[in-house]
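Participant: Under our numbering, residue 1430 is the last one in the sequence shown; the count climbs by one each step, no gaps.
The beta carbon of each residue, even a glycine, is placed where N, CA and C say it ideally should be.
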Amino acid sequence: MFALFRARGWKSGRLGPWAMGDEDVAERVLAAGEWRIRFFHIWADSPDGAELAATDQVRFDRRAEGGWQEAPLAEVPAPVFSEAMRDVDLFVGVCSIAADPDWADSGPERAYWQRASFAELTESAEARRDALARLLPRLKIAERCELDGRFLVVRGDLRTYRIHLGSANILMDPDGAYLCVVPDRTKRDGKLFLPFEDERLSLILSKAFLLAADTEITDETIRRQIGRRA
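(1) Helix or strand or just coil, what does DSSP make of leucine 1410?
(2) Please say whether phenylalanine 1281 and aspartate 1256 have beta carbons closer to each other than 8 Å?
(3) On a Cα-Cα basis, can you pick out the residue from Ile1370, Ser1212, Trp1243 that is closest to alanine 1316?
(4) Going by DSSP, name the residue or residues bridged to threonine 1360.
(5) Beta-carbon within less than 6 Å of valine 1353's beta-carbon, same chain only, minus the 5 sequence neighbours each way: which residues are those?
(6) Excluding sequence positions up to five away, which residues of its chain have a Cβ less than 7 Å from the Cβ of valine 1292?
(7) Apply the 10 Å Cβ neighbour rule to lysine 1340 and answer buried if 16 or more other Cβ atoms are within range, or exposed otherwise.
(8) Taking the alpha carbon of leucine 1290 as the reference point, which residue from Pro1277, Ala1325, Ala1278, Gln1269 has its own alpha carbon closest?
(9) Counting along the chain, where does the alpha helix (DSSP H) carrying aspartate 1330 start and finish?
(10) Taking 8 Å as the threshold (beta carbon to beta carbon), is aspartate 1224 in contact with chain C?
(11) Between the Cα of valine 1288 and the Cα atoms of Leu1411, Gly1427, Ala1207, which residue gives the shortest distance?
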């Protein structure tokens, strides 16, 4: 999360696990220095010792008399609000337990992972669904894919797969078993451009292409999961 803070121009006083307080605030200044956004997050240790962050409030301050004055949400300009919440959505979407396949099988937060990984779609995921609706007819796997509520359904030869449009996590029909596919981030060639630079959309499409040709998968870990029946 702190790497994303830096990449998106947010400032945070947190230096590392040793500098952890009960509550931290990340800040970003927008609109030529006239508006400041504060993103509150609370740190806690999970029962198994993992250090986790829980999101809290987002507040907006207006420049006033050489300082900052907190402003009601109704007075925040739409571009400032949109830019701020796009970043917050990025922090939560990328850094959430729900985006980490390792939480499927371990940790006391497993129940949260299961709920969040296949939950109702957020606004950004709804936008991703709209983008997919436009892209799918142009793909060579179009006949094997369809959108169904929160999922992109992909028909392979061995199984049918449901890819969640928010988390990109996968369930397999007919038994609803979870399929763990960890993306290989070392093979990017930068040749594929997607709207809004949506990394999750790219991940969903890469999984769809993989699963549409499930008889050609060579990874033994994935093959064993597909062959397993709950």
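Facilitator: Let me spell this out:
(1) Secondary structure of leucine 1410 (DSSP, three-state): helix.
(2) No.
(3) Looking at Ile1370, Ser1212, Trp1243, the one whose alpha-carbon comes closest to that of alanine 1316 is Ile1370.
(4) According to DSSP, threonine 1360 shares a beta bridge with Arg1355, Asp1373.
(5) Answer for valine 1353: Glu1346, Arg1362, listed in chain order.
(6) Contacts found: Thr1255.
(7) By the neighbour-count criterion, in which 16 or more other beta carbons inside 10 Å mark a residue as buried, lysine 1340 falls on the exposed side.
(8) Relative to the Cα of leucine 1290, the nearest Cα in the group Pro1277, Ala1325, Ala1278, Gln1269 belongs to Ala1325.
(9) According to the DSSP assignment, aspartate 1330 belongs to the alpha helix (DSSP H) that extends over 1323-1335.
(10) Protein chain content of the structure displayed is limited to a single chain, and chain C is not contained in it.
(11) Considering only alpha carbons, the answer is Ala1207.
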